[in-house]
Structure formats: C-alpha cells, structure tokens
Amino acid sequence: MIANLRDCTLGVNCTPNEEFITSLGIILGDYDYRLEIYWVENGSIRSAVLVDKRPSPNAVAASRYILLNNSELENSVFHRPDLEDWKPVVFEVRLILWRP
Numbered sequence: 003m004i005a006n007l008r009d010c011t012l013g014v015n016c017t018p019n020e021e022f023i024t025s026l027g028i029i030l031g032d033y034d035y036r037l038e039i040y041w042v043e044n045g046s047i048r049s050a051v052l053v054d055k056r057p058s059p060n061a062v063a064a065s066r067y068i069l070l071n072n073s074e075l076e077n078s079v080f081h082r083p084d085l086e087d088w089k090p091v092v093f094e095v096r097l098i099l100w101r102p
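Here my numbering is used: the first residue of the sequence shown is 3, the next is one more, and so on.
Below is the structure:
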C-alpha cells in the first residue's frame with residue numbers, strides 16, 4: 003500500500019488505490035475510520051492523511067510500524083536516492099476507528 007500511493011507529492015495529497023479503500027471498507031463494516039501515515043525525511047517527522055474523516059470522541063487508534071527496503075520504494079515518492087537500496091525506511095501507519 004505504501005509504495006503504491008497515488009497522487010502523492012512529497013507526502014501531501016496521498017491517496018491509496020481504490021481496491022485498497024474498497025477492501026478496508028468491507029473489513030471494517032459499520033465503523034468509520036481515518037488513516038494516517040508517518041515517516042522520517044531529512045531528520046524531520048513527516049505525515050500524510052490518507053483517508054480524512056473526523057473521529058468522534060469515542061474513537062480508538064491502532065498503529066503499526068512497517069519496515070521496507072529503499073529498493074521496494076523505487077517507483078514511489080518515498081524512495082530516497084541518497085539512501086542505499088538495501089537500507090530500511092520505517093513508516094508508522096495509524097488507523098483510527100469509531101462508530102458513526
């Protein structure tokens with residue numbers, strides 16, 4: 003999912019592909035959700051909201067760290083030409099859930 007984000011310009015306006023969004027909607031059923039991604043770029047933490055919905059006060063969050071080799075991001079805006087292909091790039095993906 004990370005390597006295949008669409009319409010992504012330096013982490014802004016990132017959109018997962020339609021198949022991913024459809025599948026996530028089926029899995030989550032009646033729950034509403036917000037999806038965020040975080041990564042380090044040039045020593046700063048960057049973030050992008052992939053699905054921008056506003057959580058309710060009773061929302062819960064889960065996060066997962068994803069480790070990819072730089073080579074896996076070759077055709078992605080997250081590829082770092084200054085980094086050797088075998089070196090890792092770490093992402094945090096946050097999913098916030100609530101009942102509408």
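All residues carry an ideal CB built from backbone N, CA and C; glycine is no exception.
Residue environment, V42, which counts as buried when at least 16 other CB atoms sit within 10 Å:
exposed
State the Cα-Cα distance for the pair P18 and Y33, rounded to the nearest angstrom.
In this structure, the CA atom of P18 is about 19 Å from the CA atom of Y33.
Would you be able to state if there are at least three C-beta pairs under 8 Å between the region 90–102 and the region 57–72?
yes
Continuous alpha helix (DSSP H) assignments of at least 4 residues falling wholly in the region 28–62:
none
Do you know offhand how far S73's Cα is from H81's?
7 Å
Give the range of the beta strand (DSSP E) segment to which W100 is assigned.
90–100
Just how far apart, CA to CA, sit P57 and R101?
9 Å
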